[in-house]
Amino acid sequence: MSISFKVNGQVRSLDVDADTPLLWALRDELGLKGTKFGCGAGLCGACTVLFDGSPIRSCSTSLSQVEGHDITTIEGITPAEGLHPLQAAWSEHNVPQCGYCQSGQIMSALALLRENPSPSDDDIDAAMTGNICRCGTYPRIREAIKAAAEARKTSDASVSGGDGRAVS
Amino acid sequence: MRKLVDLPAGAVQAPVAPVLGNDRRHDSAHKHVAGSALYIDDIPETAGMLHVACGKSTQAHAHILSMDLDAVRAHPGVVDIICATDVPGQLDIGPVFPGDPMLANGVVEFVGQPIFAVAATSLRAAREAVRLARIDYEPLPAVLDIEAAMAADSFVRPLHRQVRGDVAAALAEAPHRLSGEQRVGGQEHFYLEGQACIATPSEDGGVFVRTSSQHPTEVQKLVAEVLGVPITEVQVEVRRMGGAFGGKETQAAPLACIAAVLARRTGKSVKYRMPRADDMVMTGKRHDFHNRYEVGFDDDGRLWGADIELCGRCGYSPDLSDAVVDRAMFHADNAYFLDQARVVGHRCKTHTVSNTAFRGFGGPQGMMIIEQAMDDIARYLGKDPLDVRKGNLYRPGQDVTHYGQKIEQHVLPALIDQLEVSADYRQRRESVRAFNAANPILKKGLSLTPVKFGISYTVKHLNQAGALVHIYTDGSIHLNHGGTEMGQGLFVKVSQVVADVFQIDPRWIRVSATRTDKVPNTSPTAASAGSDLNGMAAFNACMTLRQRLVDFACETYGLEPSQVVFSKGRVLLGEREVDWAELIQEAYRGRVSLSATGHYATPRIHYDRTTGTGHPFFYFAHGAACSEVLVDTLTGEYRVLRVDILHDVGRSLNPAIDIGQIEGGFIQGMGWLTTEELVWDADGRLLSNSPANYKIPSVGDTPPDFRVALLAEHPNHETTIYRSKAVGEPPFMLAISVWSALRDAVASLTGYRYCPPLDTPATPERVLWAVEAAQQSQKEAIDADLPVV
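As they're listed, the protein sequences go chains R and Y. In terms of our numbering, the numbers along the first sequence are unbroken and rise by one, the last being 209. In terms of our numbering, the numbers along the second sequence are unbroken and rise by one, the last being 824.
Here you go:
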């Protein structure tokens, strides 16, 4: 049975079991390796992608649940040249250490900023609490999110990300 | 080559700012945020690649009576199965001492021990197949915790003692005497990238292994031993790790060995990536400890003597436990002069997974006992704990450790004074007391604790490193060294060292994956020593190349060495000035070797185990933290309100990287002492085997007010690279201030005259127990008609 859904703006059809976790479809079938396996139980956030714009854990979401929906991965927000403004803020604030959780962190932060253009520390904590970073980069994650929010406010409203949508 | 590349003027740029001592981004920062950095599991799979799962012991200690693997073999997709008897070479893969069979051989010694391994065409098939095994066991008595091990004299290695003077006499003569004990919990590494490797057969009977390991050389050596081939037939590559924290120092090797045996037998590339639950059950963790102290002291709280016993739970095999318990002993003084002292370290054998390296490597567990003693002395004397701590710091005249090493650089007295002011400790102490007097339920706690951490491997021969530097004819540089990148920023730091020697922008330097065929016989990237060792080895390689270039220029252009100056991407040759790359092309045409190796061995270090004395550490790194907490005495729940840190990294190679290590190390240490609780059941099964039941800090646990600064103007007194200091582990122990602040809040219930023990992790449950014990002690004082303090 073929399952169709949109990944980073393109319709993809896969002939795999409907209970296949989205993470494996993205990584093994579509070669999108930026989304990581962390715990396999939806508890660490390393596999976070956007489902119709909302963050979900792709390791515990089956393909049957995403049929007909719109999935955005880290590759989908990364422009061909340079970085998405949120990724740039992440890099400028020296957030990543080992880097492994960071694509999931960035996807959660992207969804947060689309909902809330100027999040407080409490807002950030509430939105990002499901994304674990064992290196402990949290202070810098907070800084980078606030810097991206600030840059968004002070820059031209036409600034947009690699997927054609604005940061916030 | 026949024709060299054309060089536009200034092709290789000068660094925009001094390359050492300035913020430089992690060399993979762009790839990390774009999701394009490759970890083992991201490497494209070759056709026919096989996947591994292991059949594991369900018993803590048992004879294996029989194994029926027919159903496993018959499962669709299964290509090969191996047991202990199928290992062609040596079965034991203990990193230091024997005791770790690659697969259990007749007897199992912990729940989760691998017994057999399956290679199948998919991970799913492999995992389904291993469940079909029928294994019959004859259970044997199991020793599961430290108390049981001590009672049964069950040890993986003999105890070690460090003794100075006559501690019994000092305790007897001291005006005051206190004793106490504590249980310090272990810790799961929970690197976000689990253990993973790929083994590919090579044409001469060996394998090529790509692994997520801190110690590629040891993986290489152990794989060669299990295959029964010379080391040169096995090569190992590590590009990066998605976190390691000590958990990939020895624990990556068993996977590589299993994958390598299966790769040789099947002729296929074999990937072994552990599912998270397997990773948590099958790989070693931080040692939990049961510590005791007895101290004698005077009216000022100054120690006259300390008798300290440290018992570490090593699990079923020695692994690195000898060195871990040794490091706990070396840090049982933390920053304090113990005077007359006896420190004993026991290495307890239990039928649980073999505990291993974890950031701090026993040091944190050793420090905990003396920090408890400092707080207890302060309560007993009615003093501020900070004053007791300051009074006991090593200073000129009281500057020799209990293992005989003289402290040569006294950083902490001034560092603590500075933090005391910048954190506003005294005024906040008054505010906390006032708050507690006014609030019957919520109580605040405040504590300022120091860290002094010894830098060097205590195994002397590990204190060496190698590097390989190539300069290509466009002026770009390829750098390789024995260190591995696990997120700590080692690669960018070492590239800064190279860029500084030649005065070119670090963008022209590519640090390549760590490989055993580029730099051989390397040490693990551990003990915080990565940039100290590899930075110096790379520096030495660069100085060899620099000397060759200077000699060439002098000979070719008739100059004195002083007339050859590397500056801002260019080279001054007397009156002439050329681009860096131009000189390189001229040197190449002049048939100068543009490739060099460098080696470094840490000087001055030695330790004699027979006397328990020596100079095991090249130098010490220091820091101090001041933490404030708010405790709800009805529930034991609490928050960390503010943390101020001042930390000594000598002259920082890269402040952005160093401060990141301090922030992250502190948060990880706070998790260890507060929320991360390992729980086993009565049969030795790990119950905390997923992030659902093992709580590591999340963003909301980060202190809302978190101020981190580097100590300025304190270069290392030893000749380290750029006079910098190691930073990986020391900040982890700054989190002891949070635990001590929790005890301070509890002590407020007794008028600061007594604080019950608070074992770690100090979960809300344990804090509540301490609160209740404090309240009970007050009640007993009232009932006994004693003066209530």
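Backbone N, C-alpha and C define an ideal beta-carbon position, used for all residues, glycine too.
Nearest to lysine 66 of chain Y by alpha-carbon distance, out of R/Asp163, R/Gly123, R/Asn172, R/Ala192, is R/Gly123.
The beta-carbon of isoleucine 233 of chain Y is placed no less than 8 Å from the nearest beta-carbon of chain R. Residue state for threonine 645 of chain Y is assigned as coil, using DSSP reduced to three classes. Taking a cut-off of 8 Å on C-beta distances, the region 554-567 of chain Y touches the region 516-530 of chain Y, as three or more cross pairs fall below it. For histidine 67 of chain Y, the enclosing alpha helix (DSSP H) has its first and last residue at 64-69. Non-local C-beta neighbours of serine 723 of chain Y in its own chain, meaning closer than 7 Å and more than five positions away in sequence, comprise Glu712, Leu713, Val714, Tyr729, ordered along the chain. With a threshold of 16 other beta carbon atoms within 10 Å, isoleucine 476 of chain Y falls short and is exposed. Note that the C-beta distance between alanine 295 of chain Y and glutamine 249 of chain Y is not below 8 Å. Identification of chain R residues near serine 687 of chain Y by a Cβ-Cβ cut-off of 7 Å yields none; the smallest Cβ-Cβ distance measures about 13 Å.
By a beta-carbon distance limit of 8 Å, glutamate 216 of chain Y contacts proline 792 of chain Y. Their separation comes to about 7 Å. Neighbourhood of proline 726 of chain Y in chain R, by CB distance below 9 Å: Gly79, Cys80, Ala82, Leu84, Cys85, Ile173, in chain order. Put simply, the CB of arginine 60 of chain Y is near chain R, with a gap under 8 Å to one of its CB atoms. With the rule of 3 Cβ pairs closer than 8 Å, the region 482-502 of chain Y does not count as touching the region 181-193 of chain R. Identification of chain R residues near phenylalanine 225 of chain Y by a Cβ-Cβ cut-off of 8 Å yields Ile173, Arg175, ordered along the chain. When secondary structure is reduced to three states using DSSP, glutamine 217 of chain Y falls in the strand class.
If you draw a 10 Å sphere on the C-beta of glutamine 94 of chain Y, you find 16 or more other C-beta atoms in it, and that means buried. Counting of Cβ neighbours within 10 angstroms places histidine 224 of chain Y among the buried residues, the total reaching 16 or more. Flagged as an interface residue toward chain Y: lysine 74 of chain R, by a C-beta distance shorter than 8 Å.
Chain Y has no Cβ within less than 8 Å of the Cβ of asparagine 157 of chain R.
If you draw a straight line from the Cα of asparagine 515 of chain Y to the Cα of isoleucine 78 of chain Y, it is about 21 Å long. Below the 7 Å Cβ cutoff, chain R contributes no neighbours of serine 772 of chain Y, its closest Cβ being approximately 16 Å away. In the three-state scheme derived from DSSP, where H, G and I count as helix and E and B as strand, glutamate 133 of chain R is classed as helix. Each of Y/Ala469, Y/Gln433, Y/Arg192 was checked against the Cα of histidine 381 of chain Y, and the nearest Cα belongs to Y/Arg192.
Sequence-distant partners of leucine 803 of chain Y (beyond 5 residues in either direction) whose C-beta falls short of 6 Å from its own C-beta, in its chain, are Gly671. Residues of the same chain with a CB within less than 6 Å of the CB of histidine 61 of chain Y, apart from the 5 flanking positions on each side, are Gly524, Val527 in chain order.
Interface with chain Y (8 Å Cβ-Cβ cutoff): arginine 98 of chain R is excluded. Taking the Cα positions, histidine 366 of chain Y is about 14 Å away from threonine 648 of chain Y. As the crow flies, the alpha-carbon of alanine 66 of chain R is around 59 Å from that of glutamate 465 of chain Y.
Between histidine 98 of chain Y and histidine 386 of chain Y the beta-carbon gap is near 13 Å, outside 8 Å, which marks them as no contact.
Looking at the DSSP output, threonine 549 of chain Y sits in a beta bridge with Y/Val273. Under the 8 Å criterion on CB atoms, glutamate 116 of chain R is classed as interfacial with respect to chain Y. The beta strand (DSSP E) runs of length 3 or more contained entirely in the region 373-453 of chain Y are, from start to end of the chain, 375-384. For alanine 564 of chain Y, none of the residues of chain R pass the 9 Å Cβ criterion, the least Cβ distance being about 18 Å. Beta-bridge partners assigned by DSSP to glycine 331 of chain Y: Y/Arg212, Y/Gly340. Rounded to the nearest angstrom, the Cβ distance from lysine 303 of chain Y to glycine 45 of chain Y is 50 Å, too far for a contact under 8 Å. Rounded to whole angstroms, the separation of the alpha carbons of arginine 321 of chain Y and arginine 218 of chain Y is 13 Å.
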